[in-house]
Amino acid sequence: MVEEEPGFLVCLLDILEAEQDASVRLATIIYLKNRVNRSWYTTEPVAQGKLIPEEEKSRIRDRLVPLLANSDPLVRQQLIPVIQRVLQSDFPSRWPNFMGFTSELLNTNTPSSVLAGLQCLLAICRAFRFKASDSEDRQHFDKIVEASFPRLLAICNELVNQESDEAGEMLHLALKTYKHATWVCISK
Numbered sequence: 569m570v571e572e573e574p575g576f577l578v579c580l581l582d583i584l585e586a587e588q589d590a591s592v593r594l595a596t597i598i599y600l601k602n603r604v605n606r607s608w609y610t611t612e613p614v615a616q617g618k619l620i621p622e623e624e625k626s627r628i629r630d631r632l633v634p635l636l637a638n639s640d641p642l643v644r645q646q647l648i649p650v651i652q653r654v655l656q657s658d659f660p661s662r663w664p665n666f667m668g669f670t671s672e673l674l675n676t677n678t679p680s681s682v683l684a685g686l687q688c689l690l691a692i693c694r695a696f697r698f699k700a701s702d703s704e705d706r707q708h709f710d711k712i713v714e715a716s717f718p719r720l721l722a723i724c725n726e727l728v729n730q731e732s733d734e735a736g737e738m739l740h741l742a743l744k745t746y747k748h749a750t751w752v753c754i755s756k
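The working numbering numbers the first residue of the sequence shown as 569 and each following residue consecutively.
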């Protein structure tokens, strides 16, 4: 199948960056999302050829956050689950620069970049919400919270005085981020 050819998913990212037709971009991101969900990692026995090769994964990871920052809302909505899936598998070991990208976006003065940064921060909180409090992953997450939440609070303080729909959406994402960061996993 063509979708299993090396470089195919990178070509989809090229289409997302260059295509002007919104319906083509939407179809492309949905296809990318479905392929990543099926083949980024799996817990079930699967033929090795169906998994996305690591060299292609690396090229995809490098382009996801910049693509999110420059995409329209419909593409962003489909791109967030892709980022979350990759984070669940690859963060922090294979995607160590994700938080650097996120911090850069949160520290800009461009509303669309701050929105993308908030979406990235929410994605990382969702990926870590069920980690045990004594695990190494959770300790890493606690460091992320310490580093990023002061800026998140400053953003919220700025947004609370604004009355635009965009400010409301951003404040909503910030509150969801706080919620997921404080999620408690009750053991059986």
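From the three backbone atoms N, C-alpha and C, an ideal C-beta is built for every residue, glycine too.
Apart from sequence neighbours up to five positions away, the residues of its chain that approach Thr670 with a beta-carbon distance below 8 angstroms are Val633, Gly685, Cys688, Leu689, Ile692 and Ser716, ordered along the chain. When C-alpha distances from Leu636 are compared across His708, His740, Pro679 and Lys747, the shortest belongs to Pro679. Cβ-Cβ separation between Glu624 and Val578: approximately 6 angstroms, consistent with a contact (criterion under 8 angstroms). Secondary structure note for Val682: its alpha helix (DSSP H) is the uninterrupted segment Pro679 to Phe696. For the options Val604, Glu587 and Lys601, the alpha carbon positioned closest to that of Asn638 is the one of Glu587. If you draw a straight line from the Cα of Ala735 to the Cα of Leu720, it comes to about 13 angstroms. In terms of Cα proximity to Leu741, the closest of Thr750, Leu673, Asp630 and Cys724 is Cys724. Counting only runs of 4+ residues, the alpha helix (DSSP H) found wholly inside the region 620 to 684 occupies 622 to 637, 641 to 658 and 666 to 674, in chain order.
In terms of Cα proximity to Phe696, the closest of Asp640, Glu737 and Trp751 is Trp751.
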